[in-house]
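Student: Residue numbers (mature numbering (1 follows the signal peptide of the UniProt record, and there is no 0)): -21 to -1, 1 to 476. Every residue gets a Cβ at the ideal spot worked out from N, C-alpha and C, and that includes glycine. As the structure is a prediction and not an experimental result, all values here were calculated from the model.
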């Protein structure tokens, strides 16, 4: 991620990136907020700028989708904890006794502490006592009881890997999958928020242009009406000026509604610490659309660097790699299932008191040979059809994931190049559109001079102004699209967050 930010900073893409979210804070906890929404606006705050960085900070820290995505890593950590629970020591104790007609038949008591070890070995220690006239001879002990320590060791299946170790490894791989899913969800949310922000900025710019255009039409109507009264112009010219004024009033009303709707849409991204929705103040204003000095060209080696970076950090590819890791662990387990089940249990026995340093002094070769309980178990299915079928299914899943990874890598790298091509095309369009605006400005100024000299008409002057406004709106639309393309490039690489 640090490498991506270096690239984006060099291109001017990270100038509006959100502040890093506070680590370790629970969802819904106290979070810092941009100053615009931390207190009610006063008249002195009129027209304050609500920057893209402020919006992305709100989205990253407070939006329900972002908070929901933030639960995924914690959920994965609990999955690891759950898997490690299979290695928790277990203490068990059981007692069976029978007394009938005042006669004691048997008392059978067994207490054990079992400690699973990572490498497949179980360490156990316990105490058993079996007494009575009718106790099972296998369970009979002296009245003082019998203590023991021992090991349970798998020598075939389960020696290199077993279900417990596989579950822990797969849960750990799930952490990478959860982190990739979190980043993917937040990246998608931030991209949409950035797009809606620049649409809001565009609607504000369009409103400002139409408002300025209306004021020009109003001044002209008043001037034309006065000249008609003085007999300098025909009455029809005042009708022409009034009609144009009314048309621009209708256009302004439409632009104002579009800005209000865009403001409401942007407010959907704003939430407070108590998960309550916020409204963007009516006096809030967006930051300016990217000007000519911000229309940077992509260096020749940047596209290759970004496509390589996308291959490494894109969430979709990381999700595929995490799934591959899980299937790789499952394959190791299934390969181990082809081995026979061979396990050895050895318990070292001592009558009476539990093992202690004093009693350990007597553990010579003779004692070890004459005071133990040994068990060996062996099992092996002859056809192994179930195990071989599961292993083959695992190989097929791995192959499918490999093909998906190849296709996704190609699609993502193509997406980066596509956005880069749009970037360069927009730069050229912006340069040309800026020249069109300048030319339309010159045409409108010239027509204004001709009109003042009596060589033109209100109709022609209105047409020139309509062309100028249309050119300026088109320029603003291209500027907004260029800003959205900047966000799209970061998302295509996989690192908007």
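Starting from the C-beta of residue 56, find all residues in its chain whose C-beta is less than 8 Å away, skip the five residues before and the five after it, and write them out in chain order.
Tutor: 154, listed in sequence order.
Student: CB-CB under 8 Å to residue 134, same chain, minus the five flanking residues each way: which ones, in chain order?
Tutor: Cβ within range, chain order: 321, 322 and 323.
Student: Within 10 Å of its beta-carbon, does residue 447 have 16 or more other beta-carbons around it, so buried, or fewer, so exposed?
Tutor: Classification of residue 447: buried, given that the 10 Å Cβ count is 16 or more.
Student: Please determine if the stretch 162 to 174 and the stretch 300 to 314 are in contact, where contact requires at least 3 C-beta pairs separated by less than 8 Å.
Tutor: Contact between the stretch 162 to 174 and the stretch 300 to 314 is absent, because fewer than three Cβ pairs lie under 8 Å.
Student: Helix, strand or coil for residue 470 per DSSP?
Tutor: Here residue 470 sits in helix by DSSP.
Student: Determine the DSSP secondary structure at residue 293, reduced to helix, strand or coil.
Tutor: Three-state DSSP puts residue 293 in coil, outside helix and strand.
Student: With DSSP as the reference, identify every bridge partner of residue 326, one or two as the case may be.
Tutor: According to DSSP, which records beta bridges pairwise, residue 326 is partnered with 129 and 352.
Student: On the CB-based measure, 16 or more other CB atoms within 10 Å of its CB, does residue 400 come out buried or exposed?
Tutor: Counting Cβ neighbours within 10 Å, residue 400 comes out exposed, since fewer than 16 surround it.
Student: Quick one: give me the first and last residue of the beta strand (DSSP E) that residue 109 is part of.
Tutor: Where residue 109 is concerned, the enclosing beta strand (DSSP E) stretches over 101 to 110.
Student: CA-CA distance, residue 467 and residue 258?
Tutor: Their Cα atoms are separated by approximately 26 Å.
Student: Which value, in whole angstroms, describes the spacing of the CA atoms of residue 267 and residue 180?
Tutor: The straight-line gap from Cα to Cα measures roughly 7 Å.
Student: Between which two residues does the beta strand (DSSP E) holding residue 119 run?
Tutor: It is not in any beta strand (DSSP E) - residue 119 carries neither H nor E in the DSSP assignment.
Student: Under DSSP, the beta strand (DSSP E) around residue 94 begins and ends at which residues?
Tutor: Where residue 94 is concerned, the enclosing beta strand (DSSP E) stretches over 82 to 95.
Student: Using the three-state DSSP reduction, which class does residue 357 fall into: helix, strand or coil?
Tutor: Looking at residue 357 - three-state DSSP - the assignment turns out to be strand.
Student: DSSP three-state call for residue 71: helix, strand or coil?
Tutor: Looking at residue 71 - three-state DSSP - the assignment turns out to be strand.
Student: Can you look up residue 52 in the DSSP assignment and give me helix, strand or coil?
Tutor: Looking at residue 52 - three-state DSSP - the assignment turns out to be helix.
Student: Applying the criterion that 16 or more other CB atoms from any shown protein chain within 10 Å of the CB defines a buried residue, is residue 126 buried or exposed?
Tutor: With 16 or more other Cβ atoms within 10 Å, it is buried.
Student: Using 8 Å as the threshold, is the stretch 245 to 255 in touch with the stretch 26 to 42, meaning 3 or more CB pairs across them?
Tutor: Short answer: they touch.
Student: Enumerate in chain order the residues of its own chain whose CB-to-CB distance from residue 71 is below 6 Å, with the five nearest sequence positions on each side excluded.
Tutor: Excluding sequence neighbours, residue 71 sits near 91.
Student: Please list the terminal residues of the continuous alpha helix (DSSP H) segment that includes residue 190.
Tutor: Note, residue 190: alpha helix (DSSP H), 142 to 208.
Student: Can you say whether residue 390 is buried or exposed, counting buried as having 16 or more other CB atoms within 10 angstroms of its CB?
Tutor: The residue in question, residue 390, is exposed, as its Cβ has fewer than 16 Cβ neighbours within 10 Å.
Student: Is residue 43 helix, strand or coil when you go by DSSP?
Tutor: Residue 43: helix per DSSP, three-state reduction.
Student: In this structure, does DSSP put residue 113 in helix, strand or coil?
Tutor: DSSP places residue 113 in coil when its eight states are reduced to three.
Student: So residue 425 is in the alpha helix (DSSP H); what residue range does that whole segment cover?
Tutor: Where residue 425 is concerned, the enclosing alpha helix (DSSP H) stretches over 364 to 431.
Student: Pop quiz: residue 156 and residue 352 are said to be a contact at Cβ under 8 Å. What is the actual Cβ separation, rounded to whole angstroms?
Tutor: So it is not a contact: roughly 45 Å between Cβ atoms.
Student: Alpha carbon to alpha carbon, how far is residue 374 from residue 290?
Tutor: Going from the Cα of residue 374 to the Cα of residue 290 covers about 24 Å.
Student: Are residue 34 and residue 160 touching if we call contact CB-CB under 9 Å?
Tutor: No. Outside cutoff.
Student: With distance defined between alpha-carbon atoms, name the residue in 423, 316, 398 and 387 nearest to residue 371.
Tutor: Nearest of 423, 316, 398 and 387 to residue 371, Cα basis: 316.
Student: If you draw a straight line from the C-alpha of residue 284 to the C-alpha of residue 101, how long is it?
Tutor: When rounded, the distance between both Cα atoms is 51 Å.
Student: Distance check for residue 218 and residue 191, CA to CA, integer angstroms please.
Tutor: Residue 191 and residue 218: Cα-Cα distance of roughly 21 Å.
Student: Nearest-angstrom Cα distance between residue 78 and residue 93?
Tutor: Going by the C-alpha atoms only, they are around 31 Å apart.
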